[in-house]
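Count along the sequence shown from 1, then add 68; that gives the number in the working numbering.
Ideal Cβ positions, reconstructed from N, Cα and C, are used throughout, including at glycine.
For reference, the structure is listed below as structure tokens.
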Amino acid sequence: MARPGRRPGTTVTREAILDAARRRFAGTGYEQASIRAIAADAGVTPALVMHFFGSKEALFQAAVAWPFDPAELAAQMLSPGRDGLGVRLARAFLTLWDAPETSRPLLAVLRSAMNDEGFARLLMEFLVTRLFRHVADLIEGPDRELRVELCAGHLLGVAIMRHVLRAEPVASASIDQLVGRVGPVLEGYLQPPAH
């Protein structure tokens with residue numbers, strides 16, 4: 069067995085770490101995968117993994133070619149507070165899907181999730197723990213996690229209709245049209261149930 073440490077060539081080492089991370093994340097999920105285990109799988113030290121990626125979240129983003137920082141997006145959406153959150157959530161999500169620099173990587177991630185059950189579980193776990201949990205922290209009432217996951221499911225459904233199936237008229241609708249329809253539905257999900 070090769071001794072962990074620095075491999076020859078930055079690109080080869082980085083790719084070995086990314087391959088190990090993809091396998092580990094898909095096999096155990098985001099929360100259970102450790103930098104130490106990924107490093108061992110790649111035949112390097114945990115310090116070298118941190119040298120290349122800086123954090124577990126950054127490693128995951130690189131491993132799945134995640135084209136945005138979920139924590140940064142959550143902060144932008146949540147900073148104005150609860151009022152209008154559903155509309156902001158819809159606009160941010162749909163804009164990411166339409167932007168040229170993020171749409172292709174997002175589509176690749178979505179297609180991978182649709183073809184690989186482990187990757188789908190990993191993607192949902194990552195989205196819920198890194199993006200939508202911040203939304204759940206901002207809303208009140210029972211079933212917060214359920215209501216937030218309904219938002220996530222609704223948005224992913226629109227993305228699939230628009231970018232995978234290219235179903236009309238959803239595929240050709242403007243962002244403003246979609247936000248005008250989807251935003252209020254998300255607002256409904258985010259409201260505590262009336263008793």
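Simplified DSSP state of residue 75, which is helix, strand or coil: Per-residue confidence for residue 75 stands at a pLDDT of 47, beneath the threshold of 50, marking its modelled position as unreliable; no derived number is given.
Cβ-based burial, residue 214 [other Cβ within 10 Å; buried from 16]: Exposed.
Contained alpha helix (DSSP H) runs [length at least 4] in the region 171 to 205, N- to C-terminal order: Fully enclosed alpha helix (DSSP H) runs of 4 or longer: 185 to 195.
Nearest-angstrom beta carbon gap, residue 160 and residue 191 [assumed within contact, 8 Å]: Between residue 160 and residue 191 the Cβ distance is about 18 Å, and since that is not below 8 Å, they are no contact.
Any 3 or more C-beta pairs closer than 8 Å across the region 245 to 255 and the region 198 to 211: no
C-beta contact flag for residue 216 and residue 226 at 8 Å: no
With 16 other Cβ atoms within 10 Å as the buried cut-off, status of residue 231: buried
8 Å Cβ shell around residue 218 - same chain, five flanking residues per side excluded: 257
Beta-carbon contacts of residue 186 that lie in its chain and below 8 Å, excluding the five residues immediately before and after: If you ignore the 5 residues before and after residue 186, its C-beta comes within less than 8 Å of the C-beta of 94 and 95, all in its own chain and listed in chain order.
Buried versus exposed call for residue 235 [16 or more other C-beta atoms within 10 Å across all chains shown]: exposed
Alpha-carbon spacing of residue 75 relative to residue 108, whole angstroms: Because residue 75 sits at a pLDDT of 47, beneath the cut-off of 50, its placement in the model cannot be relied upon, and the following sentence gives the value as read from the coordinates. When rounded, the distance between both Cα atoms is 13 Å.
Per-residue burial, residue 145 [other beta carbons within 10 Å of its own, 16 or more giving buried]: buried
Collapsed DSSP secondary structure at residue 149 in the structure displayed: coil
Collapsed DSSP secondary structure at residue 161 in the structure displayed: Under the three-state reduction of DSSP output, residue 161 falls in the helix class.
Ranges of the alpha helix (DSSP H) found wholly within the region 88 to 145, counting only runs of at least 4: Counting only runs of at least 4 residues, the region 88 to 145 fully encloses the following alpha helix (DSSP H) elements, listed from N- to C-terminal order: 103 to 110, 114 to 121 and 124 to 131.
6 Å Cβ shell around residue 177 - same chain, five flanking residues per side excluded: 132
Cβ-Cβ distance between residue 58 and residue 105 below 8 Å: No information on residue 58 is available, as it lies outside the stretch 69 to 263 that the chain covers here.
Of the listed residues 228, 138, 80 and 194, nearest to residue 120 (C-alpha basis): 80
Helix, strand or coil at residue 166 according to DSSP, with G and I counted as helix: helix
Collapsed DSSP secondary structure at residue 261 in the structure displayed: coil
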